[in-house]
Each structure stands twice: as C-alpha cells, then as structure tokens.
Amino acid sequence: MVASIQAVAPHDVALSIRDLTVNLPEGMERTHAVENISFDLKRGQILCIIGESGSGKSVTANAIMGLLPKVIRVSSGAIQLDGMNIIGLSPDKLRSLRGRVVSMIFQDPLSALNPLMTVGAQIDEVMAAHGVGTPKSRRGRAVELLTEVGLPDPELMYHQYPFRLSGGQRQRVMIAMALALEPTILIADEPTTALDVTTQAQILELIREIQRRKGMSVMFITHDFGVVAEIADSVVVMEKGHIVEQGSAQQVLKSPGHPYTRRLIAAVPRLTGEDRVPLETADKTPILKVEGLVKTYRSGSALFGKERVVPAVNGVSFDLAPGRTLGVVGESGSGKSSLGRLLIKLLDCDGGGIVFEGQEIAKLSEAEFRQLRPRIQMIFQDPFASLNPRATVGHILTVGPVAHGTAYAQAREEAKALLAHVGLDAGAFGRYPHEFSGGQRQRIGIARALMFKPKLLIADEAVSALDVSIQAQILKLLDQIQRETGVSMIFITHDLRVASQICDEIAVMQKGRIVERGPPSQIFLDPQSAYTRELVAAIPGEQPGPTRPVAANG
Amino acid sequence: MRGFLLNRLSQSLILLLIVSVIGFVVLNLLPGGPLAQFGLDPGMTQDDLDRLKEQLGLNRPLWMQYLDWAWRLLQGDWGNSFRDGAPVLSVIGRHVFATLLLMGTSTAIAIAIGTWIGIRGATHRYSLFDHLATVGAMVALSIPTFWFGLVGIYIFSLKLGWVPAGNMYTIGDGSVLNYLHHLILPSLVLSLVHVAIWSRYMRTSTLDAISQDFVKTARAKGLSERRVIMKHVVGNALLPMITLAGVQLPSILTGALVTETVFTWPGMGRLFLDSLGYSDYPVVMGLLMFSAILVILGNLIADIAVAIVDPRIRLG
C-alpha cells in the first residue's frame, strides 16, 4: 500500500520498524499498545526486546506476524520485512509470509504443539501449507530438521506425540518447525521462560548456534537481563508501549542511559555469593526438624498391573532454626513443591517425621493438626488464582483468624494494620482482588499468611509469576517481615538467583533427594555436588563469584 | 488400555446389578401388583388368582423372586410376557429396531448440525448467526419434544401433507424410501433439543480450543484459516464431545420413547407404555435392563473412543 513511498531499507536490515503505533480498544488503561516505536533488526543478528509485562513487546511481535487480534489495530507506521512493507497487505499475502519469511516460537512449549498430531505431521504441515516439496521429500526434511535441533533418534521422534516429550524437547520441535522453510527472521517470544534453568541454557545455546550457522536474524523477546547478556547483539528496552532505550548489548548492559533500564538491571536478582547476615534469636533450638521424609506417587492400578511409582520426596532431612530462611531449589519434578505440601500437610507423607516446635506432626490427623495450622502458613505462586475473586480483601484476611476464634473487630484492626505493613493503603480492605496488580495481590497473599502470626512461612515460588522489579520489592518485604517478626521461612524456588538473595541456607533437590545443602557462599562459589555445579553454570548471564561482569555494572 | 477396559467393565457390571435391584424393588412396591390386571376380569376367581400366583412363583418372598429372575437372566432367559406368554427377549426384539433406527438417525442429525452450528458460532462469535443460534437453542430447549411433534404433525402432515403423520412404514410398502419418508419428521423432532444442547457445548468447546497456544502456532506456521479450524481446532474441540455423546444417550432414549408415542412409532417406547398398562412386569423389567445395558454400553463405547482418539490416553 505505502511500500512504494517508503524509503527502501538498507540491505543489511532484515526487519525495520518505523513509527509503529498500535491502538488498544477503548476502555483499556491506555490508548496505545505501542506508540511510535522504531528499531531495526540487522541481518544475522540477535535483537533482544526486553520489558516487563504490559510493555508492548508481544504486541510488537504479533504485529510483525500479522497475528494481532481483530480488536487491536496498527494505526500508523511501517513494518518492513526484507524491504517490503507488510502493513495493509491482504490476509492471504500475510499468510504466505508467515512460516516462510518470518516464523515464531512461543513461551510455553507444553501447550504450543497440537496434542493430537505427531511431531512429524506438525513439521510437515509448515512445508505443505506453503506448497513446498512432495510428501516424501518433506518427510526427509522433517527428520533432517529433528536431527538439526539435537533431538535423539529423529526417525522415532518423527512418529511421537508431543505428550511423550519433555518441555525442552518440545521447544526443540518448535524450533525445528520454525526453521523448516529457512525463514529470514525468527521471532522468539520468551522461548525459555517456562523452562528449567539447565534446559534454558541448552535452548539458548541451540538458538545462538543455529542463528550463527544459518546467518538468520532473530528477534528475541524476554524479560530477563540474564538472557540478554547471554545472547543479544543489540537490545531494545520497552516500557508501557514506548522504546526507552536501544543500542548494542554491550552498551545497554554496561552503561544503561535511561533510568528505567538502570532500574530493570538493578532489579534482576543477582547471584550473591555472599551469605546473609543471620537474624539473632535468643532461642536457637530448631523450630522444624524433618527426618527421612518420604512421599511416593502411584498412578495406574495395582490390581490390573502397570502401576507407576514415582518417588517425589525420597528421604529428605533438614533442620530449620527460628528466624532463618531455608531455600529449596530444584528443577521441575525435583520434588520441591511436594516437600512444601508435605510440611503444611496438604499431602500426607508415606514415611519419616516432621517435628514442628517439638511436636511430631507427620502422623497427626487432619482434626488434630487443625489447631496448628495457623502457625504454619503458606504463600502461593499465582497471585491471580490464589485469591477468591468474589471476596473482598478484608474478608480474605479476616476469615481465617475469625474461624480460629478471633473476634471480628480485632481481626479487622489487625488486617488494616497488616495491609499498611505490606505497603498497601488501608482502603484496600473493602476492595476486591481484581482491582490490584500482580505485585499488590502477592502483598495481600503475604498479609493473609501473616494474619495468623505464624512461626513458619512456606513460600512456594512466591515471586516466580512477578516482573523482576516487583520481584525485588516482594523479596525485600519478606526480608523485612522476617527481621521484624522472627518468622522462619522455607522458600521454594526454581530460580537460584532469587534463592541466593533471601536464604541463609539452600538445599538443592534432585529427583526427590537433597543433593547438597549449605550457605549461598558454598552453593554458588564452591558447589560440592556435580548437579549443583551444573545448575549454577546454567544460570544465564552471569557467573557467580567476585568477578561478575554484568552485576558489576548494576 | 487393557487395565482400563477391565476396570470399566467391572464398574458396568456393578452398575447393572444396582439398576436391576432398584428396578425390581420399585416395580414391586407399586400398588396393585403384577396380577391386578387379571383381578379386573370378572371371570377370574380368587382361587384362579392364587393358582396363577403359585404358578408364576409370585407368592415367594421378594428377594427370592429377584434372585430367581436374576439367575435366569444371566442364563439368557429373560422370562415370558404375562400378556401373551412370548419370551421377553423376542418381544423386545420385535421393537428394538424401530427405536434404534429413530435414535440413530436423530443422533446423527443432532451431531452433524450441532457441530456445524457450534463451530460457526465460535468462529463468528457475537455475529448475527451466533445470536440467532443462541436464541434458537434456548427456544428448542424450553419447549417439550411432544409439543414440537404435535405442531410438526399439524403443519407438515395435516396442512402441507409432505410427510406421513405416524407409523414407520405404509403397510404393504416396505421400501427404504418409504421408511425414510416416515422417518424424517420424528427424527427431526427428536433431534431438535439435542441439536440445541450439542451446538451449545460444541461452541464452548471450540472457543476453548481456539484460545489454545497450538492454534497460535498453527497460524504462525502460515496455515490457511480454514485448515487451522478444521485440522487443529475441530479435532481438539470434538474430544470432550465424545464423552458428552455418551452422557446424552439416556436423554435421547427418553426422548425417543416420548416421540414414539406421538408418532405411533412401533418402538420400545410404546412397548414400555403398553406393558406398564398391562402390569406386564417381565417385559417392563426386561426393557429396564435392556435400556440400562444400552446406556452403559454407549458410555463405555464413548470412553473407549476417547481413549482411541486421544494419543495421551491411548499410549500414555
């Protein structure tokens, strides 16, 4: 449409965005998803677009793919793909570009593949949709692609259904699919966010390696400056629909110009190899002693054979002193969440003991344990799903204590005081959860747990769903609360950087066992087990220790 | 898979046992008893009735009657009709084809039309079509089937004369075309409410599937919208519908019984009503067990179908 009057982009630019503005439908909190953004993706480079949720980075990607929802429209600007402006192109023309000139991989590999089609059929489909090859040649190409992305036994893999594959393997299939027609540009929308840290390192390595080998141009969307440091050639920083800073990765990371960039970099949890100054408590006797805890999941039927037995927690023992924080880190399936649920007796253990304040609780019945419940509280991962949307914040906070015998008037006063304490104004009492942001909701979740004046807090991935800057605030709040109330904490997380910030001691779990336990200085600077070393090495963007290239400039 | 089948089969048998006990007990709790019909006959004396009771074993305790009945049932002897002494199985056999024909046809119609409406409603959400489908479904759901049947007969048979008003075929003409001609109106009437239910569920299921990430992947691959819907959305949307088909079976069966009465369709529905009127307990119990088996079998088939279609269950 306007391609002819646009200046033709220089040949070394694969993708050029000029003054792009995308409108949001009326009634949203702002009028534009992105406003007047311009940047170039140079041929054969990796451009990282970084920003927090709501920054407009995914909208930009969808605009390039021509996949914006109908209610969101590009109102002005140009997107030049290989020198051709794609704004205003017919849907059919756009479709012919997708998968062939520009392809995309997504955040969650578990849901990005069709569960009813084999891996091979899904790769084949890209080529068939663009009329490339014969069924036989496509099959050969698909196996070749599966080999190329490093999947074991590609011939067998071709016939597999996605549910048989791990998250990392599925992301490799996504990459194979995206590469099928050798596109000029690959857009990767947070492709490693949902993966374990070691898998993330492998996928990042794969993307970088393929990009170099094929000279592909990659637009990599992320919220993690660690990932940026790992793979970016250049960086675009977005905030609320605007580009606040762009430049080479070197320049943005070493000397960020814009305050927002500086704030983002500063908020990235750093691996501190330093130990926390422990809280001095008068009483040193452990508040919690766990010994030989065992939980085994059984699926299938014992009666008809084919029973599957998965040891989720396998002989875990540790002590926790008052006022201390124990970090439990591990990858998905390591048993860390099962451990948390066992401790609060949301799950019953199959063996071993849990002694809380000198009392054996593992064998207690639900009714006997009920009076202890207020003393052990949990903070949940998802601040959106863990608060009842139909209850006011006040109700959420007071219902528990009132059920345990506190007078309502007293509970209300305490709730209001706690809301102020966790950084919300007292007006929050009468409002509903949907009126709050993710970070604020997590504060409500923390206030809810604190209403019981617990002795032990179990935080299961309590900051994982939050943006980094919010993450930092919540960690600070938890630290402050611990110093004021002397509560002990078990902090379950997959993120070693987060654990290094808040924990006195860290237990690394693998396949239901604690493989190593020690203060952060040991875990990060002098790991004793091979698995811990592997985990630490996989952390994107930085190496722990006194010489931390990225952190040094934070 | 084998374990799953064994599991479901044993569940089904227990279910049948429960159904038979409840059916037997409730039926015998009814006032009058199985011989009430004969009692109305002035030619029957109390002695005759007692002798009949003795002959039929009705003077034994209920639990013994049940065990005797159940034991024979297991051996394939479903008893004899009180009315004409014919074996229950052959009485049912004479009527089962008509009912299955009606049920099968209207289920096929309901699934075909309902699926289409559901998909179109989901892909064109809030369009005029979608709104009309929503209103239409509400209307079809809120009006009883027999009313549609009567109105259908009035309009299409009496006024327009397009289709016959009842029966399954014209006596003396057993051609397929003649059967079809008779089948159109009752099967459409019976399917109406199921089109409504099926299209509503299908719409929701399609909307669920459309919002899945793999649909975004399919679009990003450059597939045509048609292929995205047909290949990626519909397959995944139909998966939960298979179970629904199984669950809907009893309601289709009940609907068929009502429809048969309206259209004088010579199926199990009419047999059931007639037998109940005659206190023909063996046939009523037989029909009860037969429908229970039909429904349980239908659900079993639905479960197996899901297991076959979904690789996560088939191979998992």
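Chains E and Y, in that order, are what the protein sequence lines are. For reference, each letter of the first sequence is one residue, going 5 to 558 in this note's numbering. For reference, each letter of the second sequence is one residue, going 25 to 340 in this note's numbering. Even glycine gets a Cβ: it sits at the ideal position worked out from N, Cα and C.
Run of the alpha helix (DSSP H) containing Q236 of chain Y, from where it starts to where it stops: Looking at the DSSP string, Q236 of chain Y is not in any alpha helix (DSSP H), and its letter there is neither H nor E.
For A236 of chain E and V272 of chain E, what's the separation of their Cα atoms in angstroms? 17 Å
Run through chain E and tell me which residues come within less than 9 Å of F348 of chain Y, C-beta to C-beta. Any answer about residue 348 of chain Y is impossible in this case: the structure gives chain Y only from 25 up to 340.
In the DSSP assignment, what are the bridge partners of I247 of chain E? As DSSP reads the structure, I247 of chain E sits in a beta bridge with E:M242.
Which of helix, strand or coil DSSP assigns to V467 of chain E: coil
Is the separation between the beta-carbon of I211 of chain E and that of A65 of chain E shorter than 8 Å? no
Within 10 angstroms of the Cβ of R250 of chain Y, are there 16 or more other Cβ atoms? Answer buried if so, exposed if not. exposed
Taking Cβ positions only, does R243 of chain Y come closer than 8 Å to chain E? yes
Under 8 Å by beta carbon: chain E residues contacting R336 of chain Y: P119, Y165 and F167
Do you know offhand how far T278 of chain Y's Cα is from K244 of chain E's? 58 Å
Under 8 Å Cβ to Cβ from G558 of chain E, same chain only, skipping five residues before and after it: list those, please. Caution is warranted here: a pLDDT of 33 is assigned to G558 of chain E, below 50, making its placement in the model unreliable, and the coordinate value is therefore given only provisionally. Only I269, A270, V272 and R274 meet the Cβ criterion.
How would you call S20 of chain E, buried or exposed, if buried means at least 16 neighbouring beta carbons within 10 angstroms? The residue is buried, with at least 16 neighbouring Cβ atoms inside 10 Å.
Grouping DSSP H, G and I as helix and E and B as strand, with all else coil, what is I91 of chain E? coil
Quick check: what's the CA-CA separation for S114 of chain Y versus D108 of chain Y? S114 of chain Y and D108 of chain Y: Cα-Cα distance of roughly 12 Å.
So, is the C-beta of G558 of chain E closer than 8 Å to a C-beta in chain Y? Below a pLDDT of 50, predicted positions are generally treated as unreliable, and G558 of chain E, at 33, falls in that range; no measurement from the model is reported.
Against V130 of chain E, what residues of chain Y qualify as contacts under a CB-to-CB distance less than 9 Å, listed in chain order? Neighbours of V130 of chain E in chain Y, taken as residues whose beta carbon is under 9 Å from its own, are K245, G246 and L247 in chain order.
Please decide whether H36 of chain E counts as near chain Y, where near means a Cβ-Cβ distance under 8 Å. no
Taking Cβ positions only, does A133 of chain E come closer than 8 Å to chain Y? yes
Whole-angstrom distance between T158 of chain Y and V219 of chain Y, CA atom to CA atom: 12 Å
For A37 of chain E, the three-state DSSP class (helix, strand or coil): strand
Please report how far the alpha carbon of I266 of chain Y lies from the alpha carbon of V330 of chain Y, in whole angstroms. 7 Å
Residues near L41 of chain Y by beta carbon distance below 6 Å, same chain, minus five either side: none
What residue from E:P113, E:I91, E:Q484 and E:Q363 has the CA that sits closest to S170 of chain E's CA? E:P113
State yes or no: is the C-beta of G60 of chain E within less than 8 Å of the C-beta of V38 of chain E? yes
At 3 residues or longer, what runs of the beta strand (DSSP E) sit wholly inside the region 287 to 375 of chain E? 292 to 303, 312 to 324, 329 to 333 and 355 to 360
Through-space distance from S80 of chain E to R47 of chain E, alpha-carbon basis: 25 Å
Any C-beta of chain Y under 8 Å from that of P553 of chain E: Residue confidence for P553 of chain E is low, a pLDDT of 40 falling below 50, so the modelled location carries little weight; the figure read from the coordinates is stated next. Taking Cβ atoms only, chain Y never reaches closer than 8 Å to P553 of chain E, which makes this a no.
Between C507 of chain E and G230 of chain E, which are expected to be in contact by the criterion C-beta below 8 Å, what is the C-beta distance as a whole number of angstroms? Their Cβ separation, rounded to whole angstroms, is 19 Å, which puts C507 of chain E and G230 of chain E out of contact at 8 Å.
Span of the beta strand (DSSP E), counted from its first residue to its last, around E520 of chain E: R517 to G522
Separation of H163 of chain E from L120 of chain E, as counted between CA atoms: 12 Å
Could one say the Cβ of F296 of chain Y lies closer than 8 Å to chain E's Cβ atoms, at least one of them? No, no contact with chain E.
Under the three-state DSSP convention, the category P58 of chain Y falls into: In the three-state reduction of the DSSP assignment, P58 of chain Y falls in the coil class.
Beta-bridge partners of N27 of chain E, as assigned by DSSP: E:H36 and E:R77
Count the other CB atoms within 10 Å of the CB of A415 of chain E; is the residue buried (16 or more) or exposed (fewer)? So A415 of chain E ends up on the buried side.
Do we get a CB-CB distance below 8 Å when we pair A116 of chain E with the residues of chain Y? yes
Chain-ordered neighbours of P328 of chain E on chain Y, where CB pairs are closer than 9 Å: Note that residue 328 of chain E is Arg in the sequence shown, not Pro. From the beta-carbon of R328 of chain E, no residue of chain Y is found nearer than 9 Å; the closest lies around 41 Å away.
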